[in-house]
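Participant: Submitted below is the structure of interest, expressed as C-alpha cells.
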Amino acid sequence: MRMVFPKRQRGYFMKKLMMIAITTLASSLTFAENLQCEKSYEIFKQQGDKEIEILKNGTLDDIIHYYDQIEYDRKLKPNHQGQTFSSGEWISDAKYREDVKIQQDLAKDDSYKNIDFSLLKPKLNYISSVGEVCVVPMRSQDEMFKKNMQTQADVIFVRDLKTNDWRRFIYLGIEDKKDFNEFFPDFPKNIKLSKTLINNQDFAESASEFALLMLEEMGAEITPELKEAVEAQSEPFKVKLKANGY
C-alpha cells in the first residue's frame, strides 16, 4: 500500500531529512578533525630517535623510564602487579630488566644499529574507548652483528584524548587474545593485523635465528643438536601465531 502525505507534511519530512543529513555531515567532519594520527608522524619518529639515543647513551633506568612513557601496555600495568608486558606476554619486572639490559648492551657496543625507519599510510584510524587508535605499518632497516635486518610490523599508536600524549604498541602476532582485548576492548573484529616479519621470518623463526646469532658471537659451536634445542624453545611462539591465524 502506497502512503501519500499531504503537501505540507511532505515539506516537513524533507526539512527533517535535510536536518539529519546536515547533522550527520557535521558530525563526520568533526570526527575527522579529531583524528590526529597522520599529523603526528613526526612525534612517532621522534619517539624512535629518542629511544635509540637513550639506549646508546643512557642508563638502564633511563631507558626503562622512557619505555614507561611511550609504551601503551604500561597503561594496563596496574592490573598486573610486578609484571611488564614484553615480547607478547606479561613477564616479571626482574626478567624485563634483564631483557632490556641485553638490548641496551647491544646498542652501546654497536652490535645493534638502526639504519632507517619509515611509517606508511595508516591502515586504520578511529576514536575508541581508550582514545584515538591508529594502526601504522612500519618498516625498519637495522644491523645486528653486521647482519642486515629488514623489519615489517604494524604499530598501534594510541592517543590519550585528555593529555594528547601518544603511546605505541608494536604488534608481533603472538599476543594472547585475552591480553589484546584488554588493551583494545573495541578493536574492530573485521581488521586483520599483520604479524611482524624480520627478513621475511615471523617472530618464532626470527627469535631462533637471533638466539643462534647471539650464541655464535659468544663463541659457541652451532651444532645440529644446539640448533634443534634453540628451535624447540620457539615452539610456543609457533603455537601462539597459529592461534592468531598465522
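Residue 394, in this note's numbering, is where the sequence shown stops; the numbers in between run on with no holes. For each residue, glycine too, the CB sits at the ideal point set by N, CA and C.
1. Along the chain, where does the beta strand (DSSP E) containing glutamine 298 start, and where does it finish?
2. Have a look at isoleucine 200 and arginine 287 and give me their C-alpha separation to the nearest angstrom.
3. Can you give, in chain order, each stretch of the alpha helix (DSSP H) that sits fully within the stretch 337-393 and has at least 4 residues?
4. Going by Cα to Cα distance, which pick from Leu341, Val278, Ser276 is closest to valine 303?
5. Whose C-alpha, out of Asn348, Gly279, Tyr214, Asn329, is nearest the C-alpha of glutamine 300?
6. If we count Cβ pairs, one from each stretch, closer than 8 Å, do we get three or more for the stretch 309-327 versus the stretch 350-365?
7. Less than 7 Å between the C-beta atoms of tryptophan 314 and phenylalanine 328, yes or no?
8. Within this structure, are the beta carbons of leucine 99 and phenylalanine 293 separated by less than 7 Å?
9. According to DSSP, threonine 395 sits in a beta bridge with which residue or residues?
10. Within its chain, find whatever has a CB closer than 7 Å to the CB of alanine 355; leave out the 5 residues flanking it on each side and keep chain order.
11. On the DSSP bridge assignment, give the partners of isoleucine 275 in chain order.
12. I'd like to know whether the C-beta atoms of valine 284 and proline 270 end up nearer to each other than 7 Å.
13. What do you reckon, are the CB atoms on tyrosine 394 and lysine 337 nearer than 7 Å?
14. For glycine 230, is the classification buried or exposed, using 16 other Cβ atoms within 10 angstroms of its Cβ as the cut-off for buried?
15. Specify the secondary structure class of serine 259 as computed by DSSP and reduced to three states.
16. Once the 5 residues before and after aspartate 334 are set aside, which same chain residues still bring their CB inside 6 Å of it?
17. Assign leucine 173 to buried or exposed, taking buried as 16 or more other Cβ atoms, counted over all protein chains shown, within 10 Å of its Cβ.
18. For aspartate 241, collect the residues of the same chain with a Cβ closer than 7 Å to its Cβ; drop the 5 residues on either side in sequence, then sort them by chain order.
19. Between valine 378 and the rest of its own chain, which residues show a CB-CB distance below 7 Å, the 5 nearest in sequence each way excluded?
Facilitator: Taking the geometry as given:
1. 295-307
2. 16 Å
3. 351-365, 372-381, 383-391
4. Leu341
5. Asn348
6. The stretch 309-327 makes contact with the stretch 350-365; the number of CB pairs closer than 8 Å reaches 3 or more.
7. no
8. Outside the displayed range of the chain (149 to 394) lies residue 99, so it cannot be described from this structure.
9. Absent from the model: residue 395. The displayed extent of the chain is 149 to 394, so no value can be given.
10. Closer than 7 Å at Cβ, skipping near neighbours: Ser382, Phe385.
11. Glu280.
12. yes
13. no
14. exposed
15. coil
16. These residues qualify, in order along the chain: Ser276, Ser277.
17. Since pLDDT at leucine 173 reaches only 38, below the 50 mark, its modelled position is unreliable, and the value read off the structure follows with that caveat. Under this definition leucine 173 is an exposed residue.
18. Taken in chain order, the residues that qualify are Gly230, Gln231, Thr232.
19. Ser356, Ala359, Leu360
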